[in-house]
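Presented below is the structure to which this report refers.
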Amino acid sequence: MQSPIRFFNNLKLRSKLLILYLLCVFIPIVVTNVTFYSVTTNNIKNQKMDDVDLVLEQITNEFLNVVDQAMGISAGFYSNTRLYEFLDTDYENSIQYIEAFEDFISHYNVYSPLYYSIQDISYYTNNPTVIYAGGIRTLEEAFEEGWYDGSAPGSHPVFVKPDPQEEGDLFSVIRSLDYFRAYSANEKFIRIDINPLSLRQIFNNVTFPGNVYLLNNEGEIEFSNDYSINWRSETVSFNSISLNEDTILLDEKVLPQSYIEGWRMVGVISESDILEELHQSVQFILFFALLNFTIPTIIIILISRSLHVRLARILKYMKKMKEQDFETIDSQEAKDEIGELTIEFNKMTRTIRTLINEVYVANIDKKDLELKEKQAQLSALQSQINPHFLFNALETIRMRSLIKGEKETAKIIQNMAKIFRNSLTWGKEWVTVKEELTLILCFLEIQKYRFGDKLEYSIDIDENVYDSLIPNMAFLPFVENASIHGIESVKDTGLIQIKIKKVNDEVVFTVQDDGSGFEKDKLDKMLDSLKNEESMGESIGIKNVYYRLKLYYKTDFGFSIKSTPGKGTTVEIRLKSEREYIN
1 MQSPIRFFNN LKLRSKLLIL YLLCVFIPIV VTNVTFYSVT TNNIKNQKMD
51 DVDLVLEQIT NEFLNVVDQA MGISAGFYSN TRLYEFLDTD YENSIQYIEA
101 FEDFISHYNV YSPLYYSIQD ISYYTNNPTV IYAGGIRTLE EAFEEGWYDG
151 SAPGSHPVFV KPDPQEEGDL FSVIRSLDYF RAYSANEKFI RIDINPLSLR
201 QIFNNVTFPG NVYLLNNEGE IEFSNDYSIN WRSETVSFNS ISLNEDTILL
251 DEKVLPQSYI EGWRMVGVIS ESDILEELHQ SVQFILFFAL LNFTIPTIII
301 ILISRSLHVR LARILKYMKK MKEQDFETID SQEAKDEIGE LTIEFNKMTR
351 TIRTLINEVY VANIDKKDLE LKEKQAQLSA LQSQINPHFL FNALETIRMR
401 SLIKGEKETA KIIQNMAKIF RNSLTWGKEW VTVKEELTLI LCFLEIQKYR
451 FGDKLEYSID IDENVYDSLI PNMAFLPFVE NASIHGIESV KDTGLIQIKI
501 KKVNDEVVFT VQDDGSGFEK DKLDKMLDSL KNEESMGESI GIKNVYYRLK
551 LYYKTDFGFS IKSTPGKGTT VEIRLKSERE YIN
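In structure tokens form, the structure reads like this:
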């Protein structure tokens with residue numbers, strides 16, 4: 001497994017700076033801002049929920065205060081002897097009643113203006129001697145209003161809606177006046193109406209961002225600031241209300257008083273309303289997040305560019321040195337490590353340029369001499385083949401002419417003349433495959449004339465290889481070796497097979513004989529002598545060609561010899577067909 005240090009060492013500088021940016025700038029800023037937003041959201045939400053819960057509790061307390069005021073007033077009337085005396089007296093005439101009314105009732109009606117939450121106070125009695133006016137009403141009116149069924153409301157106050165069949169939001173406290181029941185023959189009770197405006201003000205608290213519902217012990221809405229629901233004229237269950245997905249239901253406030261036992265105060269708010277303040281500050285948060293991104297990013301980019309551009313420029317000039325272009329870097333010298341590296345690089349470049357001018361240029365003459373020596377050696381190698389080959393050819397003609405006189409000698413001499421003529425034109429270093437093949441055919445005809453039926457040959461050549469250029473007499477010496485050293489030493493008929501093909505961009509020459517072949521030691525020795533560039537000695541023809549190919553193609557050519565004793569030898573030469581090697 002690759003170690004972390006080696007992994008980072010193999011990364012380019014730009015990648016390292018990118019990783020540094022991601023790990024030390026981008027990810028920390030993202031995590032910080034996301035965490036800050038999440039924590040802020042939770043804190044604001046919790047704080048808002050606490051504030052809203054306090055507001056709901058305030059609404060509940062204010063509502064209870066209004067109801068308690070009505071309850072307190074009813075308690076004051078319940079034990080007041082003067083009120084009982086006024087409602088139970090049998091009046092002889094209207095004047096007597098009016099005087100009593102002025103004396104007592106006008107005194108108690110002061111509760112309405114003293115308490116804003118009290119809208120009206122009504123007294124109900126079945127005393128036939130009273131005048132039903134000025135807040136004094138008959139029991140029949142209570143029947144007609146619908147909230148009275150003929151039974152006494154009870155000694156304890158009752159909190160009810162007096163007109164449940166009509167649309168409205170009026171609540172009343174009703175209580176029987178039976179404290180002095182033993183001394184009274186008339187039925188009577190009091191009704192205290194709570195001012196609906198005061199309830200609306202309580203429930204429409206501007207600091208509460210949602211809706212408030214007053215539920216009875218059956219879970220039905222009795223009062224609310226949500227006027228989208230027709231709770232005034234219809235019985236609406238709170239559970240039947242359709243709430244949004246982001247709706248938050250606050251803790252229900254159970255009203256503890258006995259007269260409204262089981263009633264609850266419920267608050268409903270939207271989470272978006274709770275987080276409205278946070279949403280308003282999102283732009284502010286995004287601005288600072290963008291600022292946190294932008295400034296470090298610009299700084300990282302500037303530093304990255306300062307490092308990467310200058311290092312890339314040094315690398316560019318170092319690659320130029322590989323092409324022997326010793327150019328100095330034209331830039332302002334910086335004082336950091338890269339600046340020092342640039343200065344040292346320029347010093348090194350100037351030193352190398354000076355050394356080249358003093359040493360390399362001074363040795364040009366020496367290299368020219370060595371080149372001339374190589375050319376002289378090439379000329380010598382080329383000249384070595386002439387007497388060797390001509391000797392064999394002339395010896396063939398001489399021996400054949402001594403044995404029998406034939407006119408075929410004329411043709412052989414003609415072929416010999418072609419070969420001899422070619423040997424006199426060594427200035428032509430490159431020939432076409434077709435020209436080389438002509439010499440090979442001339443030689444094979446001479447050898448055929450010499451060996452007769454003992455020699456057979458076949459030539460297989462691609463037509464598209466005829467015009468390819470190769471070094472002069474690059475193939476002929478190997479055909480000569482196949483004939484002289486391969487076929488001549490065997491008793492039976494020998495076969496020489498020549499193939500010249502075009503494979504991709506190479507001319508592939510193959511000559512194969514079924515002659516005596518080479519021993520492995522002898523073949524290895526000859527190949528080693530080729531690699532070590534030994535003097536000509538033996539195998540002059542092979543060395544001649546190999547050294548010339550090496551001079552022309554350097555190492556960009558293929559040369560192989562395979563031989564099996566008693567079975568023959570195969571030589572393969574691969575030469576590039578491009579003309580880039582031709583000077």
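Numbering of the sequence shown is given in UniProt numbering, commencing with residue 1 and proceeding in unit increments.
A virtual CB, placed ideally from N, CA and C, is assigned to each residue, including glycine.
Note that this is a predicted model, so its numbers are computed, not measured.
Pairwise C-alpha distance: residue j and residue i
i: residue 376; j: residue 548; result: Caution applies to residue 376, whose pLDDT of 45 falls short of 50 and renders its modelled position unreliable; the value that the coordinates give is listed next. When rounded, the distance between both Cα atoms is 12 Å.
i: residue 269; j: residue 254; result: 18 Å
i: residue 290; j: residue 33; result: 10 Å
i: residue 329; j: residue 576; result: 40 Å
i: residue 496; j: residue 440; result: 12 Å
i: residue 197; j: residue 160; result: 17 Å
i: residue 424; j: residue 556; result: Any reading at residue 424 needs caution, since the residue's pLDDT is 49, under 50, leaving its predicted position unreliable; the model's value is listed next. Cα to Cα, residue 424 sits roughly 29 Å from residue 556.
i: residue 19; j: residue 347; result: 34 Å
i: residue 541; j: residue 356; result: 41 Å
i: residue 585; j: residue 175; result: Coverage of the chain is limited to positions 1 through 583, which leaves residue 585 absent and any answer about it impossible.
i: residue 118; j: residue 90; result: 30 Å
i: residue 146; j: residue 83; result: 25 Å
i: residue 48; j: residue 40; result: 12 Å
i: residue 384; j: residue 571; result: Interpretation of residue 384 is limited by its pLDDT of 47, a score under 50 that renders its predicted location unreliable; the figure taken from the coordinates is listed afterwards. Distance between the alpha carbons of residue 384 and residue 571: 21 Å.
i: residue 149; j: residue 257; result: 25 Å
i: residue 252; j: residue 265; result: 6 Å
i: residue 241; j: residue 169; result: 19 Å
i: residue 79; j: residue 128; result: 23 Å
i: residue 135; j: residue 85; result: 17 Å
i: residue 309; j: residue 26; result: 23 Å
i: residue 50; j: residue 214; result: 20 Å
i: residue 528; j: residue 484; result: 23 Å
i: residue 526; j: residue 546; result: 12 Å
i: residue 68; j: residue 221; result: 21 Å
i: residue 223; j: residue 141; result: 25 Å
Of the residues the options, the one placed nearest residue i, counting alpha carbons only
i: residue 76; options: 484, 48, 179; result: 179
i: residue 488; options: 566, 554, 529, 498; result: 566
i: residue 482; options: 473, 444, 492; result: 444
i: residue 436; options: 454, 475, 453, 336; result: 475
i: residue 285; options: 477, 129, 26, 35; result: 35
i: residue 562; options: 540, 523, 530, 39; result: 523
i: residue 442; options: 430, 480, 454; result: 480
i: residue 349; options: 484, 336, 338, 322; result: 322
i: residue 58; options: 23, 199, 339, 242; result: 199
i: residue 202; options: 243, 310, 55; result: 55
i: residue 458; options: 490, 494, 429, 473; result: 494
i: residue 250; options: 521, 525, 46, 530; result: 46
i: residue 275; options: 531, 521, 37; result: 37
i: residue 73; options: 491, 157, 134; result: 157
Nonlocal neighbours in the same chain, by C-beta distance under 7 Å from residue i, ignoring five residues either side
i: residue 568; result: 486, 512, 513, 514, 515, 517
i: residue 273; result: 209, 210
i: residue 320; result: 327
i: residue 104; result: 82, 83, 86
i: residue 490; result: 515, 516
Anticipated Cβ contact below 8 Å, residue i with residue j, distance rounded
i: residue 267; j: residue 52; result: 7 Å
i: residue 195; j: residue 225; result: Rounded, the Cβ-Cβ distance is 16 Å, inconsistent with contact.
i: residue 498; j: residue 449; result: At roughly 18 Å, the Cβ-Cβ gap does not stay under 8 Å, so residue 498 and residue 449 are not in contact.
i: residue 628; j: residue 87; result: Residue coverage of the chain in this structure runs from 1 to 583, which leaves residue 628 outside it and unanswerable.
i: residue 314; j: residue 354; result: The Cβ separation is near 20 Å, so there is no contact.
Other residues of its chain near residue i: CB distance less than 8 Å, five sequence neighbours each side excluded
i: residue 554; result: none
i: residue 432; result: 466, 467, 468, 469, 470
i: residue 126; result: 138, 139, 186, 187, 188
i: residue 217; result: 261, 262, 263
i: residue 29; result: 289, 292, 293, 296
i: residue 247; result: 268, 269, 270, 271
i: residue 312; result: none
Cβ shell of residue i (< 6 Å), same chain only, five flanking positions each side left out
i: residue 573; result: 509, 559
i: residue 519; result: 565
i: residue 434; result: 466
i: residue 454; result: 493
i: residue 100; result: 86
Cβ-heavy atom distance, residue i to the ligand ADP, below 6 Å
i: residue 294; result: Because no ligand of any kind appears in the structure shown, any question about the ligand ADP cannot be addressed here.
The segment 179-191 touching the segment 235-245, judged by at least three CB pairs closer than 8 Å: With a cut-off of 8 Å, the segment 235-245 and the segment 179-191 do not count as touching, because too few Cβ pairs lie within range.
Cβ contact check for the segment 92-106 and the segment 55-68: 3 or more pairs under 8 Å: No: fewer than three Cβ pairs fall under 8 Å.
Stretch pair the segment 487-505 + the segment 458-466: three plus CB contacts closer than 8 Å: Contact between the segment 487-505 and the segment 458-466 is present, because at least three Cβ pairs lie under 8 Å.
The segment 295-312 in contact with the segment 9-20 per 3-pair CB rule at 8 Å: With three or more CB-CB distances shorter than 8 Å, the segment 295-312 counts as touching the segment 9-20.
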